[in-house]
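Line order of the protein sequences matches chains A and B. The opening residue of the first sequence carries number 105 in the numbering used here; numbering runs sequentially from there. The opening residue of the second sequence carries number 1360 in the numbering used here; numbering runs sequentially from there. By construction, the Cβ of each residue, glycine as well, lies at the ideal position given by its N, Cα and C atoms. One structure is given here, and the rest of the page talks about it.
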Amino acid sequence: MEKSYAEINAKIKSGKAVVLTADDFVSLAEEKGLAAAARQVDVVTTGTFAPMCSSGAFLNLGHTAPRMRMQKVWLNGVPAYAGIAAVDVYIGATEVPEDDPLNTNYPGEFRYGGGHVIEDLVARRPVRLEAVSYGTDCYPRKELDTTITLDDINEAFLFNPRNAYQNYNCAVNLGSRTIYTYMGMLKPNLGNAHYSTSGQLSPLLKDPHFKTIGIGTRIFLGGGVGYVAWHGTQHFPSIQKSPDGRDLGPAGGTLAVIGDLKQMSPKWLKGVSFAGYGASFAVGIGIPIPILNEEIALYAAAADRDLYAPVVDYSEAYPSRTPGNLGYVSYAELKSGKITVNGREVPTAPLSSYPKAREIAGILKQWVTEGKFLLTEPVQLLPSPADGIAAKALKG
Amino acid sequence: MAPKKIVLRFGPDISDKPIIYRLVKDYDLVVNIVKANVNPQKEGTMVLEITGGQVEGGMNYLRDQGVQVQALTQDIARDEEKCIMCGACTAICPTGALYMERPSMEVRFDGDNCVVCHLCLKICPVKAMEVRI
Ligand code: SF4
Ligand code: SF4
């Protein structure tokens, strides 16, 4: 059985496409068998809603009279990078105000950062814009202090260099004091374990070999429509193996995504604060997977019990970049609320919202079913585990 | 006299000491345990209603034992609009007042089990947990 993108799109247009969320596809494959599920279903929708650092937005602020070549720019007090052109800036998700107390009163709160600025913009809340410059013959103005809204400025597009991590560490703390990390607060002596993917609903866990998700793939991004722009930074896809050679599911892939901020929603783009760590941004992403053949169906049918996360100690191993882990746990175990690490029972909690991931997969399913969202064949596929890209270490 | 409502928080070393017995016996207090979360070798919490003439003495005794004592005058509430149901608070909340419903993985808040420890206020990434006085 082989289906083409064109055939699936023709079915979508005529309202005949069979679309299932990844959750439901897993159940269908279990019930009816893979071959039948693959024949019956055209599109499987995935979803994830989680903190995703390496996010931000390009804004073109428009020109004042007289003109200004903005050299330094602040949005609600948060510095935006202005070294691009006269009025183009990039507001990064993890940037914090220059007067933020940071970790001086440990653990710091990091109440407001670049992600919150983007959320405020998308929510159509007014944002204070301050800029300074040295003045030139063609751009004489030296200072600006005004207010903007998303509708007042020319372009605003989200461009997140690394999102939708294929898989992620399950973080624990083997040390004797509470630590505050980007994986949340970790209590000492294996007090808790935090993980951060939506398991069987998570986009890249359902396409381990990057057979369908590539450059140009149309996606749900922040409540609107977006596209995969490139592979994400630190894209090192691989298939995890147990010591006895068993397949433990994929890890390491990432996506760079892009989309018009003006059609997104503050419901699916949220500034977040991690006590003691910093500010970040929760992004909602959903990706449709065309069931082109049985192999792709097999990957899309991977269940929580087939997909594993490595358990990593964040008190010592992670900060010191010591390789290895404390073993693997399946997403079925993680979702059960407890796992066993070093012979001890440890309560688990996610940082990635499963109810929101399910909602995203549901919205995307609805868009496709209603015929308003067609699938795109990638312009180019992304590097896959077969390419064996490895992370480089920075000397210093 | 209206009973005084307090929260006790204590380390694993206190969990097996007869502190309540001492409050009753040595300080002549009437103690009503509203809720208790005590496990051997773990941190524990307790909410008490106390009446009697020597409340202050009893409180000082508890503090001397290394128990954190706090009057319960606040209420914690969740802003349902803000909560993104991530779950990050569910393995932190010491009493299970914030907990995950399975298999839906929706996060629920049961104020009756809250001991106002403020941990969720500190760690909730979207600041959905609030103090109401
Ligand atoms: S940490 Fe905050 S947002 Fe997440 S589930 Fe708890 S209350 Fe809701
Ligand atoms: S204040 Fe928050 S963390 Fe503490 S008991 Fe109440 S709900 Fe749980």
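task = Would you check if the segment 296-309 of chain A and the segment 136-151 of chain A touch, i.e. whether three or more CB-CB distances between them fall below 8 Å?
result = Contact between the segment 136-151 of chain A and the segment 296-309 of chain A is present, with at least three C-beta pairs closer than 8 Å.
key: Segment contact flag, the segment 319-337 of chain A with the segment 407-420 of chain A, C-beta cutoff 8 Å, min 3 pairs   = Between the segment 319-337 of chain A and the segment 407-420 of chain A there are fewer than three C-beta pairs closer than 8 Å, too few to call the two in contact.
C-beta atoms of LYS1562/B and PRO1371/B nearer than 7 Å = With chain B represented from 1360 up to 1492, any question about residue 1562/B goes unanswered, as that position is not in the structure.
request  = Report the rounded CA-to-CA distance for LYS1384/B versus MET1488/B, giving the unit in angstroms.
outcome  = Roughly 39 Å between the two C-alpha positions.
ask   = The beta strand (DSSP E) with MET287/A in it runs from where to where?
value = Membership of MET287/A in any beta strand (DSSP E) is not indicated, and neither H nor E is assigned to it by DSSP.
query = Any C-beta of chain A sitting closer than 7 Å to the C-beta of CYS1445/B?
reply = By this cut-off, CYS1445/B is an interface position.
Secondary structure, alpha helix (DSSP H): runs of 4+ residues fully inside the segment 403-450 of chain A = Counting whole runs of 4 or more residues, the segment 403-450 of chain A contains the alpha helix (DSSP H) stretches 435-440.
query = Since PRO451/A meets chain B, which of its residues come closer than 7 Å, beta carbon to beta carbon?
reply = Residues of chain B passing the Cβ test: ALA1450.
key: Minimum Cβ-Cβ distance from VAL1485/B to chain A less than 7 Å   = It does; some Cβ of chain A falls within 7 Å.
query = Counting pairs of Cβ atoms below 8 Å between the segment 284-300 of chain A and the segment 1436-1454 of chain B, do you hit three or more?
reply = The answer is yes - the segment 1436-1454 of chain B touches the segment 284-300 of chain A, with three or more Cβ pairs under 8 Å.
message = Quick check on DSSP: helix, strand or coil for LEU179/A?
response = Three-state DSSP puts LEU179/A in a strand.
key: Terminal residues of the beta strand (DSSP E) in which MET1405/B lies   = 1403-1410 is the extent of the beta strand (DSSP E) around MET1405/B.
key: DSSP beta-bridge partners of THR316/A   = As DSSP reads the structure, THR316/A sits in no beta bridge.
query = Is the closest heavy atom of ligand 1 to the C-beta of CYS1483/B under 6 Å?
reply = Yes, ligand 1 has a heavy atom inside 6 Å of this Cβ.
Rounded C-alpha distance that separates GLY160/A from ASP192/A = Across the structure, GLY160/A and ASP192/A are spaced so that their CA atoms are roughly 13 Å apart.
key: C-alpha gap between VAL433/A and ALA453/A, whole angstroms   = Their backbone Cα atoms lie some 13 Å apart in a straight line.
Close-in-space but distant-in-sequence residues of the same chain around VAL1389/B (CB under 6 Å, 5 per side omitted) = If we look at VAL1389/B and ignore the five residues flanking it on each side, its Cβ neighbours are THR1410, GLY1411.
inquiry  = For GLY363/A, tell me which candidate among LEU352/A, GLY326/A, GLN338/A has the shortest Cα-Cα distance.
reply    = Answer by Cα proximity: GLY326/A.
key: In chain order, each beta strand (DSSP E) run of at least 3 residues that lies wholly inside the segment 132-213 of chain A   = Runs of the beta strand (DSSP E) inside the segment 132-213 of chain A: 147-149, 152-155, 160-164, 176-179, 182-184, 192-196.
inquiry  = Could you check if ALA1430/B belongs to the surroundings of ligand 2, using beta carbon to heavy atom distance under 6 Å?
reply    = At a cut-off of 6 Å, the beta-carbon of ALA1430/B does not count as near ligand 2: no heavy atom of the ligand is closer than that.
ask   = Are the C-beta of VAL376/A and some C-beta of chain B separated by less than 7 Å?
value = By this cut-off, VAL376/A is an interface position.
query = Are LEU1367/B and VAL1414/B close, meaning C-beta to C-beta below 7 Å?
reply = The answer is no: Cβ separation not under 7 Å.
message = Quick check on this structure: which residue in ALA227/A, LEU132/A, GLU111/A, GLY492/A has the alpha carbon closest to the alpha carbon of SER369/A?
response = For SER369/A, the closest alpha carbon among the candidates ALA227/A, LEU132/A, GLU111/A, GLY492/A is that of ALA227/A.
request  = Would you mind telling me which residues of chain B sit closer than 8 Å to TYR439/A, beta carbon to beta carbon, in chain order?
outcome  = A quick correction: the sequence has Lys, not Tyr, at residue 439/A. Neighbours of LYS439/A on chain B, chain order: ARG1461, PRO1462, MET1464.
message = Given the structure, does THR1454/B come close to ligand 2, in the sense that its CB is under 6 Å from one of the ligand's heavy atoms?
response = The beta carbon of THR1454/B sits closer than 6 Å to at least one heavy atom of ligand 2.
request  = Would you mind giving the Cβ-Cβ distance between VAL145/A and LEU132/A, rounded to the nearest angstrom? I have them listed as a contact below 8 Å.
outcome  = Their Cβ separation, rounded to whole angstroms, is 7 Å, which keeps VAL145/A and LEU132/A in contact under 8 Å.
request  = Measure the CB-CB distance between ILE389/A and ALA404/A and report whether it falls below 7 Å.
outcome  = No. Outside cutoff.
query = In terms of DSSP beta bridges, what is GLN484/A paired with?
reply = Note: GLN484/A sits in a beta bridge opposite ILE319/A.
key: Within chain A, the residues that ILE1482/B reaches when beta carbons sit closer than 7 Å   = Within chain A, the residues GLY288, MET289, ALA379 have their CB atoms less than 7 Å from the CB of ILE1482/B, given in chain order.
inquiry  = Is VAL1466/B near ligand 1 - that is, is its Cβ less than 6 Å away from at least one heavy atom of it?
reply    = Checking the Cβ of VAL1466/B against ligand 1 gives yes.
inquiry  = So with CB distances below 8 Å, who are the chain B contacts of LEU278/A?
reply    = Chain-ordered listing is empty here: chain B has no CB closer than 8 Å to the CB of LEU278/A, the nearest sitting near 16 Å.
task = Just the chain B side, please: which residues come within less than 8 Å of ASN296/A by C-beta, in chain order?
result = Below the 8 Å Cβ cutoff, chain B contributes ALA1450, ILE1451 as neighbours of ASN296/A, in chain order.
key: Span of the beta strand (DSSP E), counted from its first residue to its last, around MET1459/B   = Per DSSP, MET1459/B belongs to the beta strand (DSSP E) from 1457-1460.
task = Please confirm if SER457/A has its CB atom under 7 Å from at least one CB of chain B.
result = Contacts with chain B at 7 Å (Cβ-Cβ) include SER457/A.
ask   = Cβ-heavy atom distance between CYS1473/B and ligand 4 below 6 Å?
value = Questions concerning ligand 4 fall outside what the structure shown contains, since the ligands it does hold are ligand 1 and ligand 2.
ask   = Is it true that the CB of LEU179/A sits closer than 7 Å to the CB of VAL236/A?
value = Cβ atoms of VAL236/A and LEU179/A: not closer than 7 Å.
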